[in-house]
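Just so you know, the sequence shown maps onto residues 7 to 399 in the numbering used here.
All residues carry an ideal CB built from backbone N, CA and C; glycine is no exception.
This structure is a prediction, so every number in the text was calculated from the model and none was measured.
Below: the structure, in structure tokens.
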Amino acid sequence: MITVTEATATAEALQRLSDAGVSIWLDDLSRRRITSGNLAELVANRHVVGVTTNPSIFQAAIGSVWGSPRSSEAESGGGYEEQLADLAVRGVTVDEAVRMMTTADVRAAADVLRPVHDATGGLDGRVSIEVDPRLAHRTAATVAEARQLAWLVDRPNVMIKIPATRAGLPAITEVVGLGISVNVTLIFSLERYREVMDAYLAGLERARAAGLDLSRIHSVASFFVSRVDSEIDKRLTLLGTDEALALKGRAALANARLAYEAYEGVFDGERWGALAAAGANRQRPLWASTGVKDPSYKDTLYVDELVAPGTVNTMPEATLNATADHGDITGDTVTGGYDRARADLAAVERLGISYDEVVQQLEDEGVAKFEAAWQDLLDAVTKSLDSKGVDAE
């Protein structure tokens, strides 16, 4: 973790990004980041106006501490030692322990971001927490978990993350209809993204029918970027032709730009107009997975090339620092590129690489990776609870 001391002198690119209408969120959270003042410093000096978490992030923040006893973080318990000891004495289940720790972190982060939330009328200052990934294919359980998480965090600037699986779509509608703000995650395909927007509008219509204040409901749709290039580039490399190799690094940006085109179409439409008149907020596109996976690509590729008004870019800290240092932010790099984007995806298809197959594979893998990270976290916390329970005896 890098402590910010340079302040605004090195953050001109971040200022330009913010001025272009992109909200900068940090894709990371740990208790140490909160208690050290690092998160507050990033808000003050690096234009960070939100935080996203996921099962992998919590596994790294909590589970790796107990799985790596030689690290300095492990020696201090990563800030979780006292809470874990109390949970062990109480004899709680591992699921309850993990939920108590993760919601405590999100609640504390939400308090740090609360002034941003208030200053922006709830648009930013948001902290996201995801439903248990093991529930990704169970609609009713996802809804129940979302309600529980909103209750546990108990902050107006929390967003509940729901995966954009087939079972997640009706859950989005129901949860939004209850007045809960939602971050829809693991979106890879344009078709699924359109279904996500439809689910959000349906939820707003339910909320309006229930007499809820639509202005208090916010949502983002997390459209994943770098993983698309990782998979399609791998297939292009296997083909090995000049035509195939020339397309490397272009599919993910094309996909995201066409997602923004779809967003413009939905949120300029008649159905949206009626909801906007009732005070509803747009569901903003959020560019997720924006750290490059291929080291040959510029480390700010998925920031520089996805600048568009009314979007969010959630970045790992390394990408945030790279953007501050040498990001090339020159204004909107999305809305003029729709024809080129369609041509790039069509060229990939002509080479025999199925877009539909790739995005479905990425969705399946995304759910599986989060399930695996969550299980690793549960296993690590189980060991710690068992150890502390013995010590307490």
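Kindly indicate which residue of the options has the alpha-carbon position closest to the one of residue i.
i, options, result
"Ala-2", "Glu-180, Trp-278, Arg-290 and Glu-87", "Residue 2 is absent from the model: the chain starts at 7 and stops at 399."
"Ala-19", "Arg-222, Ala-379, Gly-297 and Thr-329", "Thr-329"
"Leu-253", "Val-234, Tyr-269 and Glu-270", "Val-234"
"Leu-175", "Ala-205, Ile-193 and Arg-241", "Ala-205"
"Ala-156", "Gly-56, Leu-184 and Thr-325", "Leu-184"
"His-53", "Ala-378, Glu-323, Ala-349 and Asp-138", "Glu-323"
"Met-107", "Leu-264, Ser-302 and Arg-37", "Arg-37"
"Tyr-5", "Gly-255, Gly-271, Ala-282 and His-123", "This structure leaves residue 5 out entirely; the chain is present only between 7 and 399."
"Thr-317", "Ala-349, Val-365 and Arg-263", "Arg-263"
"Val-373", "Ala-260, Ala-173, Gln-154 and Arg-348", "Ala-173"
"Asp-362", "Ala-282, Arg-96, Ala-116 and Ala-257", "Ala-257"
"Asp-350", "Asp-305, Asp-239 and Gly-333", "Asp-239"
"Leu-281", "Asp-219, Glu-311, Thr-148 and Leu-244", "Asp-219"
Do the CB positions of residue i and residue j come within less than 8 Å of each other?
i, j, result
"Glu-249", "Leu-357", "yes"
"Tyr-199", "Ala-227", "yes"
"Val-164", "Ile-178", "no"
"Leu-119", "Val-188", "no"
"Asp-382", "Gln-65", "yes"
"Met-321", "Leu-32", "yes"
"Ala-213", "Ile-223", "yes"
"Tyr-269", "Pro-291", "yes"
"Phe-230", "Ala-294", "yes"
"Arg-22", "Ile-335", "yes"
"Trp-380", "Arg-113", "no"
"Ser-221", "Gly-297", "no"
"Asn-327", "Ile-30", "no"
"Val-387", "Ile-68", "yes"
"Gly-56", "Val-133", "yes"
"Thr-41", "Gly-84", "no"
"Val-95", "Leu-384", "no"
"Glu-369", "Thr-171", "yes"
Provide the residue span of the alpha helix (DSSP H) that contains residue i, from first to last.
i, result
"Arg-113", "100 to 125"
"Phe-64", "61 to 64"
"Ser-360", "Note, Ser-360: premise wrong, no alpha helix (DSSP H); not H, not E."
"Lys-240", "232 to 245"
"Ala-146", "145 to 159"
"Glu-87", "87 to 96"
"Thr-329", "323 to 332"
"Arg-212", "196 to 215"
"Glu-180", "174 to 183"
"Gly-279", "276 to 283"
"Arg-348", "344 to 356"
"Arg-37", "37 to 41"
I think residue i touches residue j, with their Cβ atoms under 8 Å apart; what is that distance to the nearest whole Å?
i, j, result
"Lys-167", "Glu-136", "4 Å"
"Ser-62", "Phe-376", "7 Å"
"Ala-152", "Ile-186", "6 Å"
"Ala-142", "Pro-169", "5 Å"
"Gln-289", "Met-203", "6 Å"
"Pro-315", "Asp-338", "7 Å"
"Ala-237", "Gln-367", "Per the sequence shown, the amino acid found at residue 237 is Glu instead of Ala. Confirmed, about 7 Å."
"Val-122", "Asp-111", "Not confirmed; about 18 Å, so no contact."
"Val-313", "Ala-26", "5 Å"
Name the DSSP beta bridge partners of residue i, please?
i, result
"Glu-1", "This structure cannot speak to residue 1, because the chain is shown only from 7 to 399."
"Thr-317", "Val-28"
"Asn-189", "Lys-167 and Val-226"
"Ile-135", "Ile-166"
How far does the beta strand (DSSP E) with residue i in it extend, from its first residue to its last?
i, result
"Arg-290", "289 to 294"
"Val-403", "With the chain represented from 7 up to 399, any question about residue 403 goes unanswered, as that position is not in the structure."
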